[in-house]
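**Student:** Below: one structure in structure tokens.
Numbering (this note's numbering), first residue to last: 9 to 381.
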């Protein structure tokens, strides 16, 4: 006789409720056991702890994606196998994509409600006429009935209703805190295009009313443009670079630069060698903010003289190549402007050390030549 085959699992009557039950119990138990951040949390509190915190939920999704075998008894198809894609129907009747969207929406709704609460309005009741007050005191009239006020959606609910249909993927979970800054009007205006924005910093830019309106109207604001937009005939447009510098508030990132020094930095960076521009653009993802921040951080680390020597008209190709290779092999820049600046500084440490050594070797060579008679 052949090996017995398990019968397929029949779908449940209420797939959504089944998913919720599994999340609260089976999946919460798996996360409790495998996520260090949940070790000290009571098991019956794990579900709410995770759903209240996008960071923890993101860790949970990463665990599912990297170690799906941990979930094989829960996240499986009707044939009792792990789904091969998010579109495979699960045993409950819904796809994995459906379950992911359900979880992402639940987390976002909680977060929006908590961060965007309705303002407390205390309306003083109107003072009744004197005769009515006398009648009320004598028991001749009944007290006035307070009109029932229809509950209005909170700011958090309004944002959730606007964005709900576009909360679909687990990669959106870390973006939930950034979504809070968006207005419902911007979300509705962008529609599905909101899924094109995977960078929290770019989402923060959308919170600017002017930028949001420009995008809704189909225009691309400067800070959301490609870095190539600044380059005209192999050179950086100095005025456009200055505009980007102002919009990014780089003066706050580089407090040692006053207005005059910032203008000087812009002029020198605008004269960066085309060789360097062509080397750096691809590895920085053609992002105008990252590209600008990289060049300004390099200028701050190198100083004006060394920047001109290395990246100016007579560029030092070996240094540029080494800098580009370092940026290419590192993870893409992410986080706040301050965090990206700190990351770039670590990249440049090796370049500065190599240049210092090169200068030292050159000086020693000159001294040796001076000693030759």
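C-beta: ideal position from N, C-alpha, C; glycine also. Please read all numbers here as calculations on a predicted model, not as lab measurements.
Give the DSSP-derived three-state secondary structure of residue 313 in the structure shown.
**Tutor:** In the chain shown, residue 313 corresponds to position 305, counting from 1. Three-state DSSP puts residue 313 in a helix.
**Student:** Hey, would you say residue 79 sits closer than 7 angstroms to residue 178, going by beta carbons?
**Tutor:** For this step, residue 79 is matched to residue 71 along the chain shown. For this step, residue 178 is matched to residue 170 along the chain shown. Not closer than 7 angstroms, so no.
**Student:** Classify residue 243 as helix, strand or coil using the three-state DSSP reduction.
**Tutor:** Looking up residue 243 in the chain shown gives position 235. Three-state result, residue 243: strand.
**Student:** How about residue 118 and residue 52: do their beta carbons lie closer than 7 angstroms?
**Tutor:** For the purposes of this step, residue 118 is identified with residue 110 of the chain shown, where counting begins at 1. For the purposes of this step, residue 52 is identified with residue 44 of the chain shown, where counting begins at 1. Taking 7 angstroms as the Cβ cut-off, residue 118 and residue 52 do not qualify as a contacting pair.
**Student:** In chain order, which continuous runs of the beta strand (DSSP E) of length 3 or greater are located wholly inside the stretch 217–286?
**Tutor:** Counting only runs of 3 or more, we get nothing.
**Student:** Can you tell me the Cβ-Cβ gap for residue 319 and residue 351, rounded? I've got them flagged as a contact below 8 angstroms.
**Tutor:** Taking the first residue of the chain shown as 1, we reach residue 319 at position 311. Taking the first residue of the chain shown as 1, we reach residue 351 at position 343. Not a contact, Cβ separation roughly 19 angstroms.
**Student:** Just to check my reading of the structure: residue 109 and residue 176 have Cβ atoms closer than 8 angstroms, yes? What is that Cβ distance to the nearest angstrom?
**Tutor:** Position 101 of the chain shown holds residue 109. Position 168 of the chain shown holds residue 176. Indeed, because the Cβ distance is near 5 angstroms, the residues count as touching under 8 angstroms.
**Student:** Among the residues of its own chain, which have a CB less than 7 angstroms from the CB of residue 186, if the five just before and after it don't count?
**Tutor:** Here residue 186 is taken as the residue at index 178 of the chain shown, counted from 1. Only 208, 211, 212 meet the Cβ criterion.
**Student:** For a minimum of 4 consecutive residues, which ranges assigned as the alpha helix (DSSP H) are wholly contained in the stretch 159–223?
**Tutor:** Those alpha helix (DSSP H) runs which fall completely within the stretch 159–223 and span 4+ residues are 163–171, 184–187, 192–198, 208–214.
**Student:** Under 7 angstroms, do residue 66 and residue 151 count as touching if we go by C-beta distance?
**Tutor:** For the purposes of this step, residue 66 is taken as the residue at position 58 of the chain shown. For the purposes of this step, residue 151 is taken as the residue at position 143 of the chain shown. Contact flag unset, no.
**Student:** Which of the three DSSP states, helix, strand or coil, is assigned to residue 152?
**Tutor:** Mapped onto the chain shown, residue 152 falls at position 144. Looking at residue 152 - three-state DSSP - the assignment turns out to be coil, as it is neither helix nor strand.
**Student:** What's the C-alpha gap between residue 75 and residue 163?
**Tutor:** The residue given as residue 75 occupies position 67 in the chain shown. The residue given as residue 163 occupies position 155 in the chain shown. Straight-line Cα distance between these residues: approximately 37 angstroms.
**Student:** Taking the alpha carbon of residue 358 as the point to measure from, which residue in 345, 333, 304, 343 has its own alpha carbon closest?
**Tutor:** The sequence position of residue 358 within the chain shown is 350, counting from 1. Among 345, 333, 304, 343, the Cα nearest to that of residue 358 belongs to 333.
**Student:** Along the chain, where does the alpha helix (DSSP H) containing residue 326 start, and where does it finish?
**Tutor:** Here the question's residue 326 lines up with position 318 in the chain shown. Residue 326 -> alpha helix (DSSP H) spans 325–337.
**Student:** On the CB-based measure, 16 or more other CB atoms within 10 Å of its CB, does residue 27 come out buried or exposed?
**Tutor:** Taking the first residue of the chain shown as 1, we reach residue 27 at position 19. Result: buried.
**Student:** Can residue 189 and residue 215 be called in contact, C-beta distance under 7 angstroms?
**Tutor:** Position 181 of the chain shown, counting from 1, holds the residue named residue 189. Position 207 of the chain shown, counting from 1, holds the residue named residue 215. Yes, the Cβ-Cβ distance between residue 189 and residue 215 is below 7 angstroms.
**Student:** Tell me where the alpha helix (DSSP H) around residue 41 begins and ends.
**Tutor:** Position 33 of the chain shown, counted from the start, is the residue given in the question as residue 41. Looking at the DSSP string, the run of the alpha helix (DSSP H) that includes residue 41 is 36–42.
**Student:** If you draw a straight line from the alpha carbon of residue 36 to that of residue 48, how long is it in whole angstroms?
**Tutor:** In the chain shown, counting from the first residue as 1, residue 36 sits at position 28. In the chain shown, counting from the first residue as 1, residue 48 sits at position 40. Distance between the alpha carbons of residue 36 and residue 48 is about 14 angstroms.
**Student:** For the candidate residues 243, 29, 88, 41, whose alpha-carbon lies nearest to that of residue 111?
**Tutor:** Indexing the chain shown from 1 puts residue 111 at position 103. Selected option, being the one with the closest Cα: 29.
**Student:** Which same chain residues end up closer than 8 angstroms to residue 360 when comparing Cβ atoms and leaving out the 5 residues on each side of it in sequence?
**Tutor:** For the purposes of this step, residue 360 is identified with residue 352 of the chain shown, where counting begins at 1. Answer for residue 360: 309, 310, listed in chain order.
**Student:** Alpha carbon to alpha carbon, how far is residue 57 from residue 45? Give it in angstroms, no decimals.
**Tutor:** Here residue 45 refers to the residue found at position 37 when the chain shown is read from its first residue. Here residue 57 refers to the residue found at position 49 when the chain shown is read from its first residue. Their backbone Cα atoms lie some 10 angstroms apart in a straight line.
**Student:** Output needed for residue 363: all residues of its chain with C-beta closer than 6 angstroms, excluding positions within five of it in sequence on either side, in chain order.
**Tutor:** Residue numbering aside, residue 363 sits at position 355 when the chain shown is read from its first letter. Here the set comprises nothing.
**Student:** So, under 8 angstroms CB-CB, residue 231 and residue 296 are touching, yes? Tell me the CB distance rounded to an integer number of Å.
**Tutor:** Taking the chain shown and counting its residues from 1, one reaches residue 231 at position 223. Taking the chain shown and counting its residues from 1, one reaches residue 296 at position 288. With a Cβ gap of about 6 angstroms, residue 231 and residue 296 count as contacting.
**Student:** Tell me the DSSP secondary structure of residue 91 in three-state form.
**Tutor:** Within the chain shown, numbered from 1, the residue matching residue 91 stands at position 83. Looking at residue 91 - three-state DSSP - the assignment turns out to be coil, as it is neither helix nor strand.
**Student:** I want to see whether chain B comes within less than 7 angstroms of residue 352, judged by CB atoms only; does it?
**Tutor:** Judged by its chain identifiers, the structure shown contains no chain B, having just a single protein chain.
**Student:** Can you give me the start and stop residues for the alpha helix (DSSP H) that residue 115 sits inside?
**Tutor:** Counting from one through the chain shown, the residue named residue 115 turns up at place 107. That run of the alpha helix (DSSP H) goes 104–123.
**Student:** Residues in the same chain with beta-carbon distance under 6 angstroms from residue 266, minus the five sequence neighbours each way, listed in chain order, please.
**Tutor:** What you label residue 266 is simply residue 258 of the chain shown in a count that begins at 1. So the list is empty, once near-sequence residues are dropped.
**Student:** How many Å lie between residue 24 and residue 344 at the Cα?
**Tutor:** Along the chain shown, read from residue 1 onward, the residue named residue 24 stands at position 16. Along the chain shown, read from residue 1 onward, the residue named residue 344 stands at position 336. If you take the alpha carbons of residue 24 and residue 344, they lie about 37 angstroms apart.
**Student:** Quick check on residue 298: buried or exposed, where buried means 16 or more other Cβ atoms within 10 Å of its Cβ?
**Tutor:** As a working mapping, residue 298 is identified with position 290 in the chain shown. Classification of residue 298: buried, given that the 10 Å Cβ count is 16 or more.
**Student:** Which same chain residues, not among the five before or five after residue 324, have their C-beta less than 6 angstroms away from its C-beta?
**Tutor:** By 1-based counting over the chain shown, the position of residue 324 is 316. These residues qualify, in order along the chain: 318.
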